[in-house]
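Novice: Attaching a single structure in structure tokens format; questions to follow.
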Amino acid sequence: MTTLSNGNQQARIELKIQEDNEYMSEDIETRKSTIMIDTKNNNTQNASTTERLIVAKNLAVSPILPPSSTIPRDLWTNKVEFLLSVIGYVVDLGNVWRFPYTCYENGGGAFLIPYMIFLCVLGIPMLYLELFLGQFYHCGNITLWGRIAPSMKGIGIASFLIVTAVTLFYTTIIAHAVFYLFASFREIMPWSLCTHSWNTPLCSERLRKEPLNNQTIQEIGFNQTLSYINQSKISSAEEYYNIYMLGINRSRGLTDLGYIKIDLLFCLVSIFILMYLCIYRGVKSTGKAVYITAILPYIVLIILLIQGFTLKGSQNGIAYFVKPTFEKLKNPKVWYSAANQIFFTLGSGLSVLTTYGSYNISTNNCYYDALIAVIANFAASFLAGFVVFSALGHMSWRLNKDVKTVVESGSSLSFIAYPEILATFKYPAFFSILFFLMVINLGLDSDFGGLEAMYTALSDEYFLLKRHRKFGMFIMCCILIIACLPTVTHGGNYVVQYLDKFSTGPALMLVVMMEAIAVSWVYGINNIVYDIQLHLGFEPNYFFRFTWKILCPLIVTLLMIFSLISSDKLTYGNYLYPSWSIIFGWCFNMALILPIPIVIIYVFIRYFDSEKSLKEQIYSLFVPTITKQRLKRQLEKRHTCIV
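When you line the sequence shown up against my numbering, it's residues -4 to 638, in that order.
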């Protein structure tokens, strides 16, 4: 020890690293959040967070390897690629086809008040927390929560199941956009006419300058899910979507989905091939793809907005969108809608943000990343609102109707109402191609994150998948294609809406609530504050501490309760989902979160100690893998040895 006292600082650090490795050999004492690189002999060694701070200025920062891995973890090539990936993920189809309608329905401009409040108290804190956890632990979501506390590993498994279910129906929606993209390469849009073989006598070319089709209405037998317009007419765009593309008239519901549509299957496979080519090399290839997929939607939205301002009647539509109705703020449903919109558009709880963060260095300032992503999300939502309502205002002018009678949301907006408006433009093919390219890119960014989150979660648990990423990713894409087959049948949209309803909802809310509880109460709010200060150089303020510990769990719990008590009957057009399907759907939703209690019970049984009381056994379930107090004792022990 005398030699060390007279030695240089580097020798002291090396000794502390060796002692740290011995100390951290015990599994329960392992944090495994960073590593140190010995620049003299190139040996990789584990280091405590304290030593990480001491030598950060002189030594390279690199993420820790998973326990079973010998392959270094990839990092984002640069900050821009990471930011674009996160922005691309949080700006998705919901910003285009859900936010404008939700804003209009809940008070227009007044809706921005609860929206901004929940953006600050729910959106930013959870985005910030998930990004930091990812870059702190440098591993997939399943491994991450297991490192926080073994009993919390079920959170990661539940998140994995939910993001898998979401990917199934989300990819099918992108396949629909691909179908429309191919159909747009012609002079006259096929959904604007009633002269095709699939059209019925009820078809109406309602936005064309010529008089409406005056064919004699005859009794015909086609699917009940087609919604009637003007009590007797059906728009040509609606028939194109429901009859030609989906073929839903050949299905009678969930019990009779019909056959697989080969053209939709081709579109689905093409999407998976494209996604595989973009992400099979990990963040190195994903980071290059997002330069197009994340930026293009903003360019297209601006072009469509400029075009929309030139349309007659667009001002009326925009006025409906932004006109504040403050009386509606008294309605609790408006506040629920605002929180719900924030909750789902930012994608918390789906493990994508933690996965993207895991490919960052641990000192990356994720606080500013979260702010930038949220601002980009808000800008895209508001921009999309102007684009959509300027077009709907033009539609109301053409039909000589009030704007509120033509407002649509969801797939009806993207595949019926808006394409119908695009067909009236001077260059319909050009604008249709732009629009569906935007829809495809918005969907791809979200699916990139979903696939990466799924594979990273598995590969960090199973070393073989990490070694053979290209082949493993190929197999996973093939499995997902097979799982998606019911969604590309004649009745596939029944399945899509069913999954949309029951794959998230209360299950996803519970996962987010458990994340906040696991970090703030199990791991400890003081520990997470200490870690953030150590790696980012500043502590999160008391607002974030209060939000993570109290406000987020409380808000998400209220959201979960409200969603359960206000659940309406599930319908698609005129099709009412049978009671058995609703019961099965809620059972499916609850099954997604079963890993949480199952893992807790498993850990309790595995580490059962008959010498401890039941109270002590339960308490031990929620003791984090390492605490600030243990780290303090470790440092005191080293200090004594060195001195």
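Note that CB positions come from ideal geometry on N, CA and C, so glycine has one too.
Give the single residue among Gly352, Val383, Ile428, Thr288 whose Cα lies nearest to the Cα of Arg181.
Specialist: Here the closest residue by C-alpha is Ile428.
Novice: Assign Gly653 to one of three DSSP states: helix, strand, or coil.
Specialist: As displayed, the chain neither begins before -4 nor continues past 638, which places residue 653 out of reach and without an answer.
Novice: Once the 5 residues before and after Gln213 are set aside, which same chain residues still bring their CB inside 6 Å of it?
Specialist: With a pLDDT of 36 at Gln213, under the threshold of 50, the modelled position of this residue cannot be trusted; read the value that follows with caution. Counting only residues of its own chain and dropping the five nearest sequence neighbours on each side, Gln213 has a CB closer than 6 Å to the CB of Pro196.
Novice: Going by beta carbon distance, what residues of the same chain come within less than 6 Å of Ala375, once the five residues before and after it are set aside?
Specialist: Val86, Asn90
Novice: Using alpha carbons as the reference points, say which of Ile119, Glu100, Phe267, Met184 lies closest to Lys399.
Specialist: When only C-alpha atoms are compared, the closest one is Glu100.
Novice: If you reduce the DSSP assignment to three classes, tell me which class Thr340 lands in.
Specialist: Three-state result, Thr340: helix.
Novice: Considering only their Cβ atoms, is the gap separating Ile313 from Phe381 smaller than 8 Å?
Specialist: yes
Novice: Could you tell me which residues DSSP puts in a beta bridge with Cys198?
Specialist: Ile229
Novice: Looking only at C-alpha atoms, which of Asn521, Ser562, Ala371, Arg464 sits nearest to Ile119?
Specialist: Per the Cα distances, Ala371.
Novice: Do Ser576 and Leu249 have their C-beta atoms within less than 8 Å of each other?
Specialist: yes
Novice: Is Gly135 near Ser353, with beta carbons less than 8 Å apart?
Specialist: Yes, they are a contact pair.
Novice: Is Val295 near Met433, with beta carbons less than 8 Å apart?
Specialist: yes
Novice: Would you mind reading off the limits of the alpha helix (DSSP H) that contains Asn359?
Specialist: Element bounds for Asn359: n/a, residue is neither H nor E.
Novice: Report the three-state DSSP secondary structure of Gly102 (helix, strand or coil).
Specialist: coil
Novice: Would the beta-carbon of Ala675 fall within 8 Å of that of Leu252?
Specialist: No statement about residue 675 is possible, as the shown extent of the chain runs from -4 to 638 and does not include it.
Novice: For Ile435, is the classification buried or exposed, using 16 other Cβ atoms within 10 angstroms of its Cβ as the cut-off for buried?
Specialist: buried
Novice: According to the Cβ coordinates, are Ile500 and Ser558 closer than 8 Å?
Specialist: It should be pointed out that residue 500 corresponds to Gly in this sequence rather than to Ile. Yes, the pair counts as a contact, with Cβ atoms nearer than the cut-off.
Novice: If I'm right that Tyr351 touches Gly129 with Cβ under 8 Å, what's the distance once you round it to whole angstroms?
Specialist: Rounded, the Cβ-Cβ distance is 7 Å, consistent with contact.
Novice: Select from Arg68, Thr484, Ile268, Ala153 the residue whose C-alpha is nearest the C-alpha of Met471.
Specialist: Considering only alpha carbons, the answer is Ile268.
Novice: Output yes or no for whether 8 Å exceeds the beta carbon distance between Pro548 and Ile591.
Specialist: No, the Cβ-Cβ distance between Pro548 and Ile591 is not below 8 Å.
Novice: Going by the CB atoms, is the gap between Asn355 and Phe77 shorter than 8 Å?
Specialist: Yes. Within cutoff.
Novice: Give the list of continuous alpha helix (DSSP H) stretches no shorter than 4 residues that lie fully inside the stretch 254 to 330.
Specialist: Runs of the alpha helix (DSSP H) spanning 4 or more residues and lying entirely within the stretch 254 to 330 occur at 257 to 274, 278 to 288, 291 to 304, 309 to 317, in chain order.
Novice: Measure the CB-CB distance between Thr647 and Thr482 and report whether it falls below 8 Å.
Specialist: Only positions -4 to 638 of the chain appear in this structure, which leaves residue 647 out of reach.
Novice: Taking 8 Å as the threshold (C-beta atoms), are Cys273 and Ser265 in contact?
Specialist: no
Novice: Helix, strand or coil for Gly444 per DSSP?
Specialist: helix
Novice: Since I believe His485 is in contact with Lys256 (beta carbons under 8 Å), could you give me their beta-carbon distance rounded to a whole number of angstroms?
Specialist: Contact flag correct, Cβ pair sits at about 7 Å.
Novice: For Ile301, which residues from the same chain have a beta carbon less than 7 Å from its beta carbon, with the 5 sequence-adjacent residues on both sides left out?
Specialist: No residues qualify anywhere along the chain.
Novice: For Phe430, which option in Phe539, Phe384, Pro292 has the closest C-alpha, if you only look at C-alpha atoms?
Specialist: Pro292
Novice: Whole angstroms are fine: how far does the CA of Ile595 sit from the CA of Met509?
Specialist: 13 Å
Novice: Mind checking whether Ser343 and Phe131 have CB atoms under 8 Å apart?
Specialist: no
Novice: Along the chain, where does the alpha helix (DSSP H) that runs through Lys461 open and close?
Specialist: 458 to 462
Novice: Near Ala379, which residues of its chain fall below 7 Å by C-beta distance, leaving aside the five closest residues on each side in sequence?
Specialist: Asn90, Val91, Phe94, Pro95, Leu296
Novice: Evaluate the contact criterion for the stretch 414 to 424 versus the stretch 441 to 459: three or more CB pairs, one atom per stretch, below 8 Å.
Specialist: With the rule of 3 Cβ pairs closer than 8 Å, the stretch 414 to 424 does not count as touching the stretch 441 to 459.
Novice: If you drop the 5 nearest sequence neighbours on each side, which residues of the same chain put their C-beta closer than 6 Å to that of Tyr518?
Specialist: Ile143, Pro619.
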